[in-house]
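Visitor:
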Amino acid sequence: MLSTIRSQGALHWLGRQLFNRDDPGAFFDPLLAVLNPMWVRGFVPARLLDVIDETADTRTFRLRPSARWQGFRAGQHVNVIVDVDGVRQHRTFTISSAPSQWRTDGTLTLTVKRHPGGHVTHWMHDHLRPGTILGISQAFGEFDLPPSGQPKPLLYIMGGSGVTPALSHLVSLAERDYRAPVTLLYYVRTQADVIGAETLYALAARWPALSLHVFATEEQGEAALLNEQHLDAVPGFAARDAYLCGPPGLMDRANALLARYGVQEEQIRCTFFSAPTAVAADTPLGGAVTFARSDIHVDSDGDAPLLEIAEAAELNPAYGCRMGICHQCSCRKTEGTVVNRLTGKASGPGEETIQLCISVPQGPVTVDL
Amino acid sequence: MTTQLTQSQLDDLARDLDAIRDEVRADLGERDARYIRRIIRLHRTLEIGGRVLMPFGFIPPVFVAGVASLGVAKIIENMEIGHNVMHGQYDWMNDPSLHSQTYEWDTVCTGDSWRQTHNYEHHTYTNVIGKDRDYGYAVLRLSDDEKWKPWHLLQFINYLMLTVFFQWGVGLHELESERIRRREIKLSDKKAFLRDFFRKGGRQAFKDYVFFPALTFPVFPIVLAGNVCANLVRNLWSSTVIFCGHFTEDAETFSEASIENESRGQWYLRQLTGSSNFTGGKWVHILSGHLSHQIEHHVFPDIPAHRYREIAPRVEAVCRKYGLKYNTGSFGKQYWTVLKRIAHYSLPDRVRVKLEAQAV
Chain H
24 MLSTIRSQGA LHWLGRQLFN RDDPGAFFDP LLAVLNPMWV RGFVPARLLD
74 VIDETADTRT FRLRPSARWQ GFRAGQHVNV IVDVDGVRQH RTFTISSAPS
124 QWRTDGTLTL TVKRHPGGHV THWMHDHLRP GTILGISQAF GEFDLPPSGQ
174 PKPLLYIMGG SGVTPALSHL VSLAERDYRA PVTLLYYVRT QADVIGAETL
224 YALAARWPAL SLHVFATEEQ GEAALLNEQH LDAVPGFAAR DAYLCGPPGL
274 MDRANALLAR YGVQEEQIRC TFFSAPTAVA ADTPLGGAVT FARSDIHVDS
324 DGDAPLLEIA EAAELNPAYG CRMGICHQCS CRKTEGTVVN RLTGKASGPG
374 EETIQLCISV PQGPVTVDL
Chain C
574 MTTQLTQSQL DDLARDLDAI RDEVRADLGE RDARYIRRII RLHRTLEIGG
624 RVLMPFGFIP PVFVAGVASL GVAKIIENME IGHNVMHGQY DWMNDPSLHS
674 QTYEWDTVCT GDSWRQTHNY EHHTYTNVIG KDRDYGYAVL RLSDDEKWKP
724 WHLLQFINYL MLTVFFQWGV GLHELESERI RRREIKLSDK KAFLRDFFRK
774 GGRQAFKDYV FFPALTFPVF PIVLAGNVCA NLVRNLWSST VIFCGHFTED
824 AETFSEASIE NESRGQWYLR QLTGSSNFTG GKWVHILSGH LSHQIEHHVF
874 PDIPAHRYRE IAPRVEAVCR KYGLKYNTGS FGKQYWTVLK RIAHYSLPDR
924 VRVKLEAQAV
């Protein structure tokens with residue numbers, strides 16, 4: 024074991040000398056991508072096996088990653104890496120299948136909703152066909168099942184496509200033959216919007232611990248929005264561990280209600296990912312700037328570029344010409360929209376490389392500095 | 574000899590060039606990504622091909638093929654991939670292996686040193702005597718802004734040395750040896766730079782002159798000779814291309830005072846008149862990293878280089894509109910004017926002026 028690590032270390036060192044890069048394995052990627060894209064080293068390649076329609080705007084993609092993928096725990100996420108119009112895009116999705124499925128046939132599923140205004144999810148729906156190879160990251164996230172041992176009663180409050188981690192959780196719990204009561208309150212717009220319907224109804228039928236309540240907010244009106252009665256109907260809910268995932272409105276409502284009923288914060292786990300949304304075109308320039316690596320938060324107004332904002336916050340980012348030519352100050356923006364001073368154009372909302380000296384925040388922005 | 578335009582003409586010039594840039598920027602996408610990926614595949618294929626052929630170099634045609642393959646691989650990597658990626662031309666692709674600030678290329682000069690001396694200093698202060706140290710690389714006198722000294726008589730030898738050992742010269746550029754000689758800075762000020770220089774230079778020498786020869790031990794002299802030749806081919810070609818970009822006969826130079834409070838229009842003007850192009854076929858452009866379109870490159874350093882060919886007629890039209898010289902010509906003609914310029918400025922000003930008067 025130790026000798027493999029040593030020889031791998033030596034090989035890695037040699038690769039760095041020969042190819043001038045920290046990931047020497049990826050040097051051959053451009054050729055490997057043509058020979059067999061499953062051999063690529065720069066990310067974990069995964070073959071798309073099939074595409075399943077869940078609802079009118081949601082599809083499930085079943086993937087088989089290459090052997091380098093290390094597996095996952097129920098409730099974890101992966102970044103999907105796709106090239107859209109020549110631009111590499113990363114988007115986070117929760118794995119909707121259970122780890123047992125990956126262990127038996129080496130596949131996982133991602134359930135993706137067309138995000139309104141979301142460039143990448145639309146592209147995935149329109150362009151990904153069985154046989155396509157895309158990239159994924161290793162799994163990450165802490166939306167974990169309760170530890171095995173004394174089973175605790177659980178309450179899931181999920182909304183829309185936020186149900187995906189619960190699908191993975193519930194299948195895993197049923198396999199464990201979880202004895203304590205488990206309740207899922209699932210909020211959708213209409214019954215036709217239920218994601219993973221087949222799995223959920225089958226589970227509810229054969230696994231007595233699960234009680235499933237679907238609320239269709241558009242069909243049933245006001246009464247179907249999360250309220251006290253929904254919680255009161257769940258036996259002993261205040262003592263349960265709660266898992267929340269859904270759109271911000273539902274999350275806020277759930278958190279407020281649970282707090283009012285005296286549910287402790289340690290009992291609640293939340294997670295939610297949504298494709299980043301672009302700010303409205305008429306949003307004024309300036310905004311809250313977060314320098315993530317140095318954990319500094321400052322407000323900016325007007326057309327001050329990020330380089331000046333960073334310097335005012337006593338950071339010393341690399342810079343050169345200060346006029347957008349030399350790219351010395353290029354760094355990663357992880358969230359938010361910036362306007363390019365030279366072109367007057369707004370950036371996309373996601374993670375990308377920007378030039379600090381000519382980028383003016385438009386709304387809140389997070390920079391990796 | 575600086576070209577004069579009024580402030581409102583300069584503003585119009587900036588607007589015209591900005592319009593070209595914005596249009597190309599808005600159009601970047603799949604086509605550009607496919608282009609650079611194809612070039613990278615070509616580079617990998619040629620590099621592997623060269624390394625594989627080299628040990629069989631005891632057959633003379635195979636030796637030539639090996640040197641050509643590895644030499645061209647290095648040229649493509651340095652010129653069309655490395656130089657352009659480090660300019661941020663492909664940052665929009667969001668691909669970590671094509672990121673301007675982390676890319677490291679197959680030459681002695683470290684990426685970081687290059688980003689400082691080339692992307693920042695040379696591209697910001699293009700042809701400003703005293704600020705753009707690329708102007709003559711501090712070893713050549715190429716304008717009368719610099720006082721003539723007797724040792725300039727020998728500058729043709731300097732030029733030959735520079736072109737043969739170009740990658741080492743570029744690698745040592747940031748050392749600012751001329752300022753150390755003048756005692757403006759101390760060698761110890763450059764400790765961090767020298768450490769990086771020796772690490773990268775050592776890495777390059779190890780690869781080409783130790784590792785691959787040793788790997789093919791029985792034929793190591795052939796592999797060593799082949800690798801030396803490949804590096805030489807790259808050095809001669811890349812230095813020639815770069816010299817044709819700024820040191821041709823009519824490329825203008827500027828004083829430090831002239832760029833104080835420079836407007837964007839003035840900056841554009843300086844880039845247009847301080848650079849020169851040469852013509853050629855598609856492969857001449859690719860092998861020069863499209864620095865055959867030095868003018869377009871200097872005006873738009875971070876637009877993917879293969880686009881320069883397409884926008885060249887429009888940039889030329891802009892030059893015509895403002896009565897600016899669009900300095901272009903065949904490769905041979907441009908290179909001849911470079912050699913003439915090096916020779917002329919090696920002479921004392923009195924002799925040079927007399928010679929030039931006779932020529933006219």
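The listed protein sequences derive, respectively, from chains H and C. Residue numbers 24 to 392, in our numbering, belong to the letters of the first sequence in order. Residue numbers 574 to 933, in our numbering, belong to the letters of the second sequence in order. Don't be surprised by glycine CBs; every beta carbon is placed ideally from N, CA and C.
If you draw a straight line from the C-alpha of residue 898 (chain C) to the C-alpha of residue 340 (chain H), how long is it?
Guide: Within the second sequence, the letter at position 325 stands for residue 898 (chain C). Within the first sequence, the letter at position 317 stands for residue 340 (chain H). Taking the straight line joining both Cα atoms gives about 39 Å.
Visitor: Does residue 43 (chain H) come within less than 7 Å of chain C when only Cβ atoms are used?
Guide: Position 20 of the first sequence, counted from the first residue, corresponds to residue 43 (chain H). Closer than 7 Å: yes.
Visitor: From H:236, H:238, H:184, pick the residue whose C-alpha is nearest to that of residue 271 (chain H); which is it?
Guide: Numbered from 1 along the first sequence, position 248 holds the residue referred to as residue 271 (chain H). The shortest C-alpha separation from residue 271 (chain H) is found at H:184.
Visitor: Expressed to the nearest angstrom, what Euclidean distance is found between the alpha-carbon atoms of residue 33 (chain H) and residue 44 (chain H)?
Guide: Position 10 of the first sequence, counted from the start, is the residue given in the question as residue 33 (chain H). Position 21 of the first sequence, counted from the start, is the residue given in the question as residue 44 (chain H). So the two alpha carbons sit approximately 15 Å from each other.
Visitor: Identify whether residue 217 (chain H) lies in helix, strand or coil by the three-state DSSP scheme.
Guide: Looking up residue 217 (chain H) in the first sequence gives position 194. Reduced to three states, the DSSP call for residue 217 (chain H) is coil.
Visitor: Going by CA-CA distance only, name the one from H:310, H:309, H:380 that's closest to residue 343 (chain H).
Guide: Here residue 343 (chain H) refers to the residue found at position 320 of the first sequence. For the residues H:310, H:309, H:380, the minimum Cα distance to residue 343 (chain H) belongs to H:380.
Visitor: Can you find the residues in the same chain that come closer than 7 Å, C-beta to C-beta, to residue 751 (chain C), ignoring five residues on each side of it along the sequence?
Guide: To locate residue 751 (chain C), count along the second sequence from 1; it is residue 178. 711, listed in sequence order.
Visitor: At which residues does the beta strand (DSSP E) containing residue 354 (chain H) begin and terminate?
Guide: Taking the first residue of the first sequence as 1, we reach residue 354 (chain H) at position 331. Unbroken beta strand (DSSP E) run through residue 354 (chain H): 353-363.
Visitor: Hey, is the stretch 311-324 of chain H in contact with the stretch 216-228 of chain H, meaning 3+ C-beta pairs nearer than 8 Å?
Guide: No contact exists between the stretch 311-324 of chain H and the stretch 216-228 of chain H.
Visitor: Can you tell me where the beta strand (DSSP E) holding residue 264 (chain H) begins and where it ends?
Guide: Reading the first sequence from its first residue, position 241 is the one you call residue 264 (chain H). Here the beta strand (DSSP E) through residue 264 (chain H) covers 264-268.
Visitor: Does DSSP put residue 895 (chain C) in a helix, in a strand, or in coil?
Guide: Locating residue 895 (chain C) in the second sequence gives position 322, counting from the first residue. Note: residue 895 (chain C) maps to coil in three-state DSSP.
Visitor: What does a CB cutoff of less than 6 Å around residue 589 (chain C) pick up in its chain, not counting 5 residues either side in sequence?
Guide: To locate residue 589 (chain C), count along the second sequence from 1; it is residue 16. Same-chain partners within the cutoff: 891.
Visitor: If residue 62 (chain H) and residue 55 (chain H) are in contact, beta carbons under 8 Å, what's the gap, nearest whole angstrom?
Guide: Here residue 62 (chain H) is taken as the residue at index 39 of the first sequence, counted from 1. Here residue 55 (chain H) is taken as the residue at index 32 of the first sequence, counted from 1. Rounded, the Cβ-Cβ distance is 4 Å, consistent with contact.
Visitor: By a C-beta neighbour count over all protein chains shown, 10 Å radius and 16 as the cutoff for buried, is residue 25 (chain H) buried or exposed?
Guide: Position 2 of the first sequence, counting from 1, holds the residue named residue 25 (chain H). Reliability fails at residue 25 (chain H), whose pLDDT of 49 lies under 50, so the model's placement of it is uncertain and the value that follows must be treated cautiously. With fewer than 16 Cβ atoms within 10 Å of its Cβ, residue 25 (chain H) is classed as exposed.
Visitor: Using a threshold of 7 Å, state whether the C-beta atoms of residue 40 (chain H) and residue 893 (chain C) are closer than that.
Guide: Position 17 of the first sequence holds residue 40 (chain H). Position 320 of the second sequence holds residue 893 (chain C). The answer is no: Cβ separation not under 7 Å.
Visitor: Among the candidates C:733, C:827, C:623, whose CA atom is the shortest distance from the CA of residue 915 (chain C)?
Guide: Here residue 915 (chain C) is taken as the residue at index 342 of the second sequence, counted from 1. For the residues C:733, C:827, C:623, the minimum Cα distance to residue 915 (chain C) belongs to C:733.
Visitor: Identify the contact partners of residue 679 (chain C) in chain H, using a Cβ-Cβ distance below 9 Å as the criterion.
Guide: On the second sequence, residue 679 (chain C) is found 106 positions in, with the first residue counted as 1. By Cβ distance, chain H contributes 42, 43.
Visitor: According to the Cβ coordinates, are residue 191 (chain H) and residue 119 (chain H) closer than 7 Å?
Guide: Stepping through the first sequence from its first residue, residue 191 (chain H) is reached at position 168. Stepping through the first sequence from its first residue, residue 119 (chain H) is reached at position 96. Yes.
Visitor: Cutting at 7 Å between CB atoms, please list the residues of its own chain near residue 855 (chain C), excluding the five before and the five after it.
Guide: As a working mapping, residue 855 (chain C) is identified with position 282 in the second sequence. Nothing meets the Cβ criterion.
Visitor: Apart from the five residues just before and just after residue 877 (chain C), which ones in its own chain have a Cβ nearer than 6 Å to its Cβ?
Guide: To locate residue 877 (chain C), count along the second sequence from 1; it is residue 304. Answer for residue 877 (chain C): 605, 662, listed in chain order.
Visitor: To be precise: take each residue of the stretch 669-703 of chain C, compare its Cβ to all Cβ atoms of chain H, and keep it if any distance is under 7 Å. Which residues remain?
Guide: Taking 7 Å as the Cβ-Cβ cut-off against chain H, the residues of the stretch 669-703 of chain C that qualify are 670, 672, 673, 674, 677, 678, 679, 688, 692, 693, 696, 697.
Visitor: Can you list, in chain order, the stretches of the beta strand (DSSP E) that have 3 or more residues and sit fully within the stretch 860-891 of chain C?
Guide: With a minimum length of 3 residues, no continuous beta strand (DSSP E) run stays inside the stretch 860-891 of chain C.
Visitor: What's the C-alpha gap between residue 387 (chain H) and residue 369 (chain H)?
Guide: Along the first sequence, read from residue 1 onward, the residue named residue 387 (chain H) stands at position 364. Along the first sequence, read from residue 1 onward, the residue named residue 369 (chain H) stands at position 346. Their Cα atoms are separated by approximately 13 Å.
Visitor: How is residue 346 (chain H) classed by DSSP in three states: helix, strand or coil?
Guide: Taking the first residue of the first sequence as position 1, residue 346 (chain H) is located at position 323. Coil.
Visitor: May I have the straight-line CA-CA distance separating residue 791 (chain C) from residue 331 (chain H), to the nearest angstrom?
Guide: Taking the first residue of the second sequence as 1, we reach residue 791 (chain C) at position 218. Taking the first residue of the first sequence as 1, we reach residue 331 (chain H) at position 308. Residue 791 (chain C) and residue 331 (chain H): Cα-Cα distance of roughly 59 Å.
Visitor: Curious, which full-length beta strand (DSSP E) runs of at least 3 residues does the stretch 35-75 of chain H contain?
Guide: Correct list: empty.
Visitor: Going by beta-carbon coordinates alone, are residue 226 (chain H) and residue 197 (chain H) separated by less than 7 Å?
Guide: Here residue 226 (chain H) corresponds to residue number 203 of the first sequence, with the count starting at 1. Here residue 197 (chain H) corresponds to residue number 174 of the first sequence, with the count starting at 1. Yes; because the gap between Cβ atoms is below 7 Å, this pair is in contact.
Visitor: At a CB-CB cut-off below 9 Å, which residues of chain H make contact with residue 665 (chain C)?
Guide: Sequence index remark: in the second sequence, residue 665 (chain C) carries index 92 (1-based). Correct list: 109, 110, 375, 376.
Visitor: Could you tell me the alpha carbon to alpha carbon distance between residue 161 (chain H) and residue 797 (chain C), rounded to whole angstroms?
Guide: Taking the first sequence and counting its residues from 1, one reaches residue 161 (chain H) at position 138. Taking the second sequence and counting its residues from 1, one reaches residue 797 (chain C) at position 224. Straight-line Cα distance between these residues: approximately 42 Å.
Visitor: Is residue 205 (chain H) closer than 7 Å to residue 177 (chain H) when the C-beta atoms are compared?
Guide: Your numbering for residue 177 (chain H) matches position 154 in the first sequence. Your numbering for residue 205 (chain H) matches position 182 in the first sequence. Contact: yes.
Visitor: Considering only C-alpha positions, which residue in the set H:133, H:103, H:262 is nearest to residue 174 (chain H)?
Guide: Residue numbering aside, residue 174 (chain H) sits at position 151 when the first sequence is read from its first letter. Taking only the C-alpha atoms, the option nearest residue 174 (chain H) is H:262.
Visitor: Quick one: which chain H residues come within Cβ less than 8 Å of residue 618 (chain C)?
Guide: If you number the second sequence from 1, residue 618 (chain C) lands on position 45. Within chain H, the residues near residue 618 (chain C) are 54.
Visitor: How long is the line joining the alpha carbons of residue 717 (chain C) and residue 783 (chain C), rounded to whole angstroms?
Guide: Within the second sequence, numbered from 1, the residue matching residue 717 (chain C) stands at position 144. Within the second sequence, numbered from 1, the residue matching residue 783 (chain C) stands at position 210. Spanning the two alpha carbons is a distance of roughly 44 Å.
Visitor: Residue 682 (chain C) and residue 740 (chain C) look like a contact to me (Cβ under 8 Å); what is the Cβ gap, rounded to whole Å?
Guide: If you number the second sequence from 1, residue 682 (chain C) lands on position 109. If you number the second sequence from 1, residue 740 (chain C) lands on position 167. Confirmed, about 7 Å.
Visitor: Pull the bridge partners of residue 181 (chain H) from the DSSP assignment, please.
Guide: Taking the first sequence and counting its residues from 1, one reaches residue 181 (chain H) at position 158. In DSSP, residue 181 (chain H) forms a bridge with H:209, H:268.
Visitor: If the criterion is Cβ atoms closer than 7 Å, does the pair residue 807 (chain C) and residue 648 (chain C) meet it?
Guide: Translated into the one-based positions of the second sequence, residue 807 (chain C) becomes position 234. Translated into the one-based positions of the second sequence, residue 648 (chain C) becomes position 75. Contact flag set, yes.
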